[in-house]
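Accompanying notes for the structure given below.
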Amino acid sequence: MNTQASLPKQVKIVEVGPRDGLQNEKETIPAEVKIELVNRLTQAGFVNIEAASFVSPKWVPQMATSTEVMAGITRKAGVIYSALTPNMKGFEAALAAGADEVVIFSSASEAFAQKNINCSIAESIERFRDVAAAAKQHGLRLRGSISCAFGCPYQGEVTPEQVADVVKLMRDLGCDEIDIADTIGVGTPRHVQTVMQRVAQEFPIAQISGHFHDTYGQALANIYASMEVGVSIFHSSVAGLGGCPYAKGATGNVSTEDVLFMMQGLGVETGIDLNAVVDAGQFISQHLGRKAVSRAGNAIAAKRAN
Numbered sequence: 001m002n003t004q005a006s007l008p009k010q011v012k013i014v015e016v017g018p019r020d021g022l023q024n025e026k027e028t029i030p031a032e033v034k035i036e037l038v039n040r041l042t043q044a045g046f047v048n049i050e051a052a053s054f055v056s057p058k059w060v061p062q063m064a065t066s067t068e069v070m071a072g073i074t075r076k077a078g079v080i081y082s083a084l085t086p087n088m089k090g091f092e093a094a095l096a097a098g099a100d101e102v103v104i105f106s107s108a109s110e111a112f113a114q115k116n117i118n119c120s121i122a123e124s125i126e127r128f129r130d131v132a133a134a135a136k137q138h139g140l141r142l143r144g145s146i147s148c149a150f151g152c153p154y155q156g157e158v159t160p161e162q163v164a165d166v167v168k169l170m171r172d173l174g175c176d177e178i179d180i181a182d183t184i185g186v187g188t189p190r191h192v193q194t195v196m197q198r199v200a201q202e203f204p205i206a207q208i209s210g211h212f213h214d215t216y217g218q219a220l221a222n223i224y225a226s227m228e229v230g231v232s233i234f235h236s237s238v239a240g241l242g243g244c245p246y247a248k249g250a251t252g253n254v255s256t257e258d259v260l261f262m263m264q265g266l267g268v269e270t271g272i273d274l275n276a277v278v279d280a281g282q283f284i285s286q287h288l289g290r291k292a293v294s295r296a297g298n299a300i301a302a303k304r305a306n
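Now the structure itself:
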């Protein structure tokens, strides 16, 4: 079988570094550094950047400057700047800050939902009903994110059926896009294909995205496997920003530079300038005082330095 023929010609990469990547950092990152990062990513050609999170600063102190960041970035026409909104208060802040898309979230694992958001999956969906209705009313895009879709740190196995059940709930809220997230990075290619094919029975595959963590080194293989079954939207994080809080010392989000390098080699269009992303990755890594968690990014930067 010629799998090359079955790969999409073009994919959308959602850059999550400024939000999902930076939210776990211990040291406070000044708003101007985040603004510079988002601006660099905009210039690199991303059409969707997760830029902010309107959660209580008590829970996620790193995102306390989200209003400032959204006000300070240089926006480009056609680019979607997304914000995570856990409730109506968060939605109102996101709306006032000019977010183009709001992100709501649940889990495919009951145990994770209880530990992470202190309620059941069904309750989490109920909490978002008003947010979803308000997003539609104000003409904002609505994205749903489902964590632990391939395994959970508390309950272990998560079945494709459990993921499909949450996809149905998010579809019925009116989500425009739904992320299938491997929060702990335990997914492997065949498993990922099984889950993606199951959820595609409930929601159009063109609006399903893969959010893979590289904890066990499977993220690129999982992205490739997802493309083979028709998924064409993927999340990644510049410089591999963001650890995995459930696996000590583990990497989190797959690095954008690594994903772009693979897409380039496959002849799959992204519309993104890899060199500009490498520069953005080096910029934020220097600010954080550490090396980027990106093999392709570091290799390209080293080659340039020679």
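Okay, so the sequence shown: first residue is 1 according to UniProt numbering, each after it adds one.
Just so you know, even glycine gets a beta-carbon here, dropped at the ideal spot from N, CA and C.
### Task
Counting only the same chain and skipping the five closest in sequence on each side, list residues whose C-beta sits under 8 Å from that of T3.
Taking the sequence shown and counting its residues from 1, the one referred to as residue 3 is at position 3. At T3 the pLDDT is 45, less than 50, meaning the model places this residue with poor confidence; the figure from the coordinates comes in the next sentence. Closer than 8 Å at the Cβ level, and outside the excluded window around T3, lie E228.
### Message
Tell me the rounded alpha-carbon separation between A305 and A219.
### Response
Counted from its first residue, the sequence shown places residue 305 at position 305. Counted from its first residue, the sequence shown places residue 219 at position 219. Going from the Cα of A305 to the Cα of A219 covers about 28 Å.
### Task
Take the Cβ of K34 as the centre, count every other Cβ of all protein chains shown within 10 Å, and call the residue buried at 16 or more, exposed below.
Here residue 34 corresponds to residue number 34 of the sequence shown, with the count starting at 1. Looking at its Cβ environment, which holds 16 or more other Cβ atoms inside 10 Å, K34 is buried.
### Query
What did DSSP end up calling Y224 once you bin it into helix, strand or coil?
Reading the sequence shown from its first residue, position 224 is the one you call residue 224. Note: Y224 maps to helix in three-state DSSP.
### Inside the stretch 127-173 only - alpha helix (DSSP H) runs reaching at least 4 residues
129-137 and 160-173
### Message
Using a Cβ distance threshold of 8 Å, determine whether the stretch 50-58 contacts the stretch 75-94, with at least three qualifying pairs required.
### Response
Touching, per the Cβ criterion.
### Touching by the beta-carbon criterion (3+ pairs, under 8 Å), the stretch 190-204 and the stretch 127-142
no
### Query
Is the CB-CB distance between G210 and V231 below 8 Å?
For the purposes of this step, residue 210 is taken as residue 210 along the sequence shown, with counting starting at 1. For the purposes of this step, residue 231 is taken as residue 231 along the sequence shown, with counting starting at 1. Closer than 8 Å, so yes.
### Message
Using C-beta distances below 6 Å, list every residue in its chain close to R141, excluding the 5 sequence neighbours before and after it, in chain order.
### Response
To locate residue 141, count along the sequence shown from 1; it is residue 141. Result list for R141: E101 and D176, in chain order.
### Message
Checking 8 Å against the spacing of the C-beta atoms, do S106 and V158 come in under that value?
### Response
For the purposes of this step, residue 106 is identified with residue 106 of the sequence shown, where counting begins at 1. For the purposes of this step, residue 158 is identified with residue 158 of the sequence shown, where counting begins at 1. No.
### Task
List the endpoints of the continuous alpha helix (DSSP H) containing N48.
Position 48 of the sequence shown, counting from 1, holds the residue named residue 48. Bounds of any alpha helix (DSSP H) do not take in N48; it lies within the beta strand (DSSP E) bounded by N48 to S53.
### Collapsed DSSP secondary structure at A200 in the structure displayed
Here the question's residue 200 lines up with position 200 in the sequence shown. Here A200 sits in coil by DSSP.
### Task
Take Q72 and list the residues in its own chain whose beta-carbon comes closer than 6 Å to its own, dropping the five residues that flank it on each side.
Here residue 72 is taken as the residue at index 72 of the sequence shown, counted from 1. Reading off the sequence, residue 72 comes out as Gly, not Gln. These residues qualify, in order along the chain: I35.
### Query
How many angstroms separate the CA atom of P8 from the CA atom of P18?
As a position in the sequence shown, residue 8 is number 8, starting the count at 1. As a position in the sequence shown, residue 18 is number 18, starting the count at 1. The alpha-carbon atoms of P8 and P18 are separated by roughly 27 Å.
### Task
Assign E22 to one of three DSSP states: helix, strand, or coil.
Taking the sequence shown and counting its residues from 1, the one referred to as residue 22 is at position 22. Residue identity check: residue 22 is Leu in the sequence provided, not Glu. The answer is coil: DSSP assigns L22 none of H, G, I, E or B.
### Query
Residues in its own chain within less than 8 Å of G156 by CB, not counting five upstream and five downstream?
Along the sequence shown, read from residue 1 onward, the residue named residue 156 stands at position 156. So the list is empty, once near-sequence residues are dropped.
### Query
Would DSSP call T251 helix, strand or coil?
As a position in the sequence shown, residue 251 is number 251, starting the count at 1. If DSSP states are grouped into helix, strand and coil, T251 belongs with the strands.
### Query
Which two residues bound the contiguous beta strand (DSSP E) that contains A181?
Within the sequence shown, the letter at position 181 stands for residue 181. Segment E177 to D182, the beta strand (DSSP E) holding A181.
### Query
Got a sec? Which residues, its chain only, sit under 6 Å from M1 by beta carbon, not counting five neighbours each side?
Along the sequence shown, read from residue 1 onward, the residue named residue 1 stands at position 1. With a pLDDT of only 39 at M1, under 50, the local geometry of the prediction cannot be trusted, and no value is derived from it.
### Message
Quick check on DSSP: helix, strand or coil for G265?
### Response
Stepping through the sequence shown from its first residue, residue 265 is reached at position 265. Helix, per DSSP.
### Task
Classify Q10 as helix, strand or coil using the three-state DSSP reduction.
As a position in the sequence shown, residue 10 is number 10, starting the count at 1. Reduced to three states, the DSSP call for Q10 is strand.
### Message
Using CA atoms only, rank isn't needed, just tell me which of N24, D179, G78 and A44 is closest to W59.
### Response
As a working mapping, residue 59 is identified with position 59 in the sequence shown. Among N24, D179, G78 and A44, the Cα nearest to that of W59 belongs to N24.
### Task
Taking T183 and H138 to be in contact with their CB atoms under 8 Å, please state how far apart those CB atoms are, rounded to whole angstroms.
Mapped onto the sequence shown, residue 183 falls at position 183. Mapped onto the sequence shown, residue 138 falls at position 138. With a beta-carbon spacing of about 29 Å, T183 and H138 fall beyond the 8 Å limit used to define contacts.
### Message
For a test of the three-state rule: what should DSSP assign to V102, helix, strand or coil?
### Response
Stepping through the sequence shown from its first residue, residue 102 is reached at position 102. Three-state DSSP puts V102 in a strand.
### Task
Taking all protein chains shown into account, decide if N222 is buried (16 or more other Cβ within 10 angstroms of its Cβ) or exposed.
In the sequence shown, counting from the first residue as 1, residue 222 sits at position 222. Looking at its Cβ environment, which holds 16 or more other Cβ atoms inside 10 Å, N222 is buried.
### Query
Could you give the distance in angstroms between the alpha-carbon of D273 and the alpha-carbon of D279?
Numbered from its first residue, the sequence shown carries residue 273 at position 273. Numbered from its first residue, the sequence shown carries residue 279 at position 279. Rounded to whole angstroms, D273 to D279 spans 10 Å at the Cα level.
### Query
What is the DSSP secondary structure of G210, counted as helix, strand or coil?
To locate residue 210, count along the sequence shown from 1; it is residue 210. Strand at G210.
### Query
Anyone know if the C-beta pair for G187 and F150 falls short of 8 Å?
Start at 1 with the first residue of the sequence shown, and residue 187 comes out as number 187. Start at 1 with the first residue of the sequence shown, and residue 150 comes out as number 150. Yes, the pair counts as a contact, with Cβ atoms nearer than the cut-off.
### Query
Looking only at C-alpha atoms, which of P30, V11 and V79 sits nearest to I284?
Numbered from its first residue, the sequence shown carries residue 284 at position 284. That would be P30, whose Cα lies nearest to the Cα of I284.
### Query
To which residues of the same chain is L270 closer than 7 Å at the C-beta, ignoring the five residues directly before and after it?
In the sequence shown, counting from the first residue as 1, residue 270 sits at position 270. In the sequence as displayed, the identity of residue 270 is Thr instead of Leu. Excluding sequence neighbours, T270 sits near V11, I13, L260 and M263.
### Message
What does the Cβ neighbour count give for D20, buried or exposed, with the cut at 16 atoms within 10 Å?
### Response
Counted from its first residue, the sequence shown places residue 20 at position 20. Answer is buried; the Cβ neighbour count reaches 16.
### Task
Go ahead and label Q162 buried or exposed: buried means 16 or more other beta carbons lie within 10 angstroms of its beta carbon, across all protein chains shown.
Here residue 162 refers to the residue found at position 162 when the sequence shown is read from its first residue. With 16 or more other Cβ atoms within 10 Å, it is buried.
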